[in-house]
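Each position in the sequence shown, counted from 1, maps to that position plus 512 in my numbering.
Ideal Cβ placement from N, Cα and C applies to all residues, glycine included.
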Amino acid sequence: MSEGVERRGTEKEFGFEWQAYSEILPEHREQFWTWVQPLKPENFKRVHFLDAGCGMGRNSYWAMQAGAASGYAFDFDSRTVSAASNNLRSFPSCRVAFQSIYDLDRSDEFDIVFCIGVLHHLANPRGAVAKLVRAAKPGGMIAVWVYGKEGNSVYLAFLRPLRFLTKHLPLGFTRILAKGITAVYRGGLRILPVTSYRTLQRRLSFRHTEAIIFDQLFPSIANYWTRGEALALFDGLPVSFRSMVQTHGHSWSLIFEKSPAKPNTD
């Protein structure tokens, strides 16, 4: 894969989003622990973690709140890094950096590596996963959350044609459109069948729902993977499968453990 294709991504688009929706909300805590399940707050006590594609820092925030010893959070847009630095300023042991996931050169360093909602927006997700695995310590955990294809057929039948149009619009206009869709959707939540995800969404503020809808409208790259396709991201890498959960019936939370280093027999 050429470097140009590998580096094609959505970081500038998400930079606009994280500048517009930069505040950490209490609801983000529940989302994070759902995305990294079955890991729990106690699994983060005194650990050193890596947050790859940290956005505005909300996931690192809850990891630090759980008692992590340190964190390294990075993203590839200056607006995003600024928002994350501001949100994580109360945790001096959590470093925030401007970096591409493709340039990550850490090895055997972190107890937990997590990458939430990032891989499905990359042109070369397999290459990125290899970097994540390399960064984890032997015996360390790699947790990723990605969009799923199963459970999303009706949603994608509506979203894909809409995104074909909205991804070409100015982001400011798309944000206005997201506000209108949010108003209609929140009204529809009262009559739509109850699911675990809709139960969560009914508790969200208008602004939080708007941010979620806006997030779905603008990415130029957005992959939805089957169970097998999500697992295949780790094929051939030195890891052992630990867990895979279909989160809210429409996305995948995966946990792998990095294999111990092979003894030197020379």
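Practice problem: Jot down the residue ranges of each uninterrupted beta strand (DSSP E) in the region 573-638, minimum 3 residues, whole runs only, in chain order. | Solution: If we require 3 residues or more, the beta strand (DSSP E) runs fully inside the region 573-638 come out as 582-587, 606-610 and 622-628.
Practice problem: Identify which residue in 724, 711, 665 and 673 has its Cα closest to the Cα of residue 691. | Solution: 724
Quiz prompt | Host alpha helix (DSSP H) of residue 721 (start-end) | solution = 718-729
Exercise. Only counting runs of 4 or more residues, tell me where the alpha helix (DSSP H) segments fall wholly within the region 647-714, in order along the chain.
Key: The DSSP assignment places 665-678, 683-700 and 708-713 as complete runs of the alpha helix (DSSP H) inside the region 647-714, in order along the chain (cut-off: 4 residues).
Exercise. Determine the direct distance from the alpha carbon of residue 581 to that of residue 557, and round the result to whole angstroms.
Key: 7 Å
Quiz item: Regarding residue 554 and the ligand MG, is the C-beta to nearest heavy atom distance less than 7 Å?
Solution: With respect to small molecules bound, the structure shown includes none, and the ligand MG cannot be examined in it.
Quiz item: Roughly how many whole angstroms lie between the Cα atoms of residue 732 and residue 599?
Solution: Approximately 27 Å, taken between the alpha carbons.
Exercise. Measuring alpha carbon to alpha carbon, tell me which of 607, 561, 571 and 678 ends up nearest residue 539.
Key: 571
Quiz item: Opposite residue 769 in the DSSP bridges: which residues?
Solution: Answer is 653 and 752, bridged to residue 769.
Practice problem: Assign residue 742 to one of three DSSP states: helix, strand, or coil. | Solution: Residue state, collapsed to three classes: helix.
Exercise. Have a look at 548, 698, 705 and 603 and flag the residue whose alpha-carbon is nearest the alpha-carbon of residue 628.
Key: 548
Quiz prompt | C-beta atoms of residue 638 and residue 745 nearer than 8 Å | solution = yes
Self-check item: Beta bridge counterpart(s) of residue 764 as assigned by DSSP
Solution: 658 and 758
Practice problem: Identify which residue in 672, 693, 655 and 681 has its Cα closest to the Cα of residue 561. | Solution: 655
Practice problem: Enumerate in chain order the residues of its own chain whose CB-to-CB distance from residue 697 is below 8 Å, with the five nearest sequence positions on each side excluded. | Solution: 721 and 725
Self-check item: Assumed close pair residue 651, residue 772 - CB separation to whole angstroms, cut-off 8 Å
Solution: 6 Å
Quiz item: According to DSSP, what are the bridge partners of residue 642?
Solution: Per DSSP, none; premise fails for residue 642.
Quiz prompt | DSSP-derived helix/strand/coil call for residue 524 | solution = helix
Self-check item: Classification of residue 774 by the beta-carbon crowding that lies within 10 angstroms, buried from 16 upward
Solution: exposed
Quiz prompt | Cα-Cα separation, residue 544 to residue 601 | solution = 19 Å
Quiz item: Would you call the region 699-714 and the region 602-612 touching, i.e. three or more CB-CB distances under 8 Å?
Solution: no
Exercise. Look at the alpha carbon of residue 535 and the alpha carbon of residue 568, and state the distance between them as a whole number of angstroms.
Key: 8 Å
Exercise. List the endpoints of the continuous alpha helix (DSSP H) containing residue 544.
Key: 539-547
Self-check item: Span of the beta strand (DSSP E) around residue 551
Solution: Taken as a continuous stretch (DSSP letters only), residue 551 belongs to no beta strand (DSSP E), as it is neither H nor E.
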